[in-house]
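Chains as they are written, first to last, in my numbering: chain C, 1 to 116; chain A, 117 to 228. All residues carry an ideal CB built from backbone N, CA and C; glycine is no exception. This report refers to the structure that appears directly beneath it.
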Amino acid sequence: GAVVSQHPSWVICKSGTSVKIECRSLDFQATTMFWYRQFPKQSLMLMATSNEGSKATYEQGVEKDKFLINHASLTLSTLTVTSAHPEDSSFYICSARGGESQETQYFGPGTRLLVL
Amino acid sequence: GESVGLHLPTLSVQEGDNSIINCAYSNSASDYFIWYKQESGKGPQFIIDIRSNMDKRQGQRVTVLLNKTVKHLSLQIAATQPGDSAVYFCAETGGQGGKLIFGQGTELSVKP
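Printed below as a string of structure tokens:
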């Protein structure tokens, strides 16, 4: 149980384009989903908290117009990196909370984004 | 606050030995702690958790110890195997909408 998937697993795009990443909880309903960003050899940095049916709460320093988050259902949240630039290249990971444990976050496999 | 490290501490152990990975957490109000394992190119994988009303919890080959007095958490891995090689993160939560605050991580390398 508690499986979270992400799609795509990796993406290469040109500078200026937008990229959408999907996060799905496969076997439980996720009341809350989280989006993280991770640079090589570093810890996870929380970008935003997403509750189903409401606006996401962004962490300080994260541009909400740059990183659009939609949590339209209890099993799907999307992160759209708008007008991507090379500095947006990173490993993006989502997590979902729900099911039997309302505290434990279960993580997706991550999405590697490379912006050329 | 959230941890952003410039480099990861590393721990190198011989296969079959026990490993101890340490973590100092930041918020004395945190009441739930989790250890995650992250292999290269993958998302973090839940290993074991512990609540603040406990000081020890055991799983399969893993034990988590919590010392609230000094805000210290440790993960013990018994009979470490090559498949245990990964980066291990501790995470704490308590209030603030249940956000996890991650430690900087420790890279465990198991020598065969």
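- Counting every other CB atom within 10 Å of its CB across the protein chains shown gives His71(C) a total of 16 or more, marking it as buried.
- Judged by DSSP secondary structure, His71(C) falls within the beta strand (DSSP E) whose first and last residues are 67-73.
- The beta-carbon of Leu113(C) is placed no less than 8 Å from the nearest beta-carbon of chain A.
- Counting along the chain, Arg167(A) sits inside the beta strand (DSSP E) bounded by residues 161-167.
- The straight-line gap separating the alpha-carbon atoms of Asn134(A) and Pro198(A) is approximately 12 Å.
- Against chain C, the CB of Pro228(A) has no partner CB under 8 Å away; the residue lies outside that interface.
- Among the CB atoms of chain C, one or more fall inside 8 Å of the CB of Tyr148(A).
- Residue pairing by DSSP puts Met33(C) in a beta bridge opposite Ser50(C), Ala96(C).
- Taking C-beta separations shorter than 7 Å and ignoring five residues to either side along the sequence, the partners of Gly210(A) in its chain run Asn143, Ala145, Ser146, Asp147, Tyr148, following chain order.
- Our two residues, Pro228(A) and Leu127(A), have alpha carbons roughly 14 Å apart in a direct line.
- The closest CA to that of Gln154(A), considering only Ser5(C), Pro109(C), Ser9(C), Ala84(C), is found on Pro109(C).
- Using a 10 angstroms sphere on the CB of Glu87(C), the tally of other CB atoms stays under 16, which defines it as exposed.
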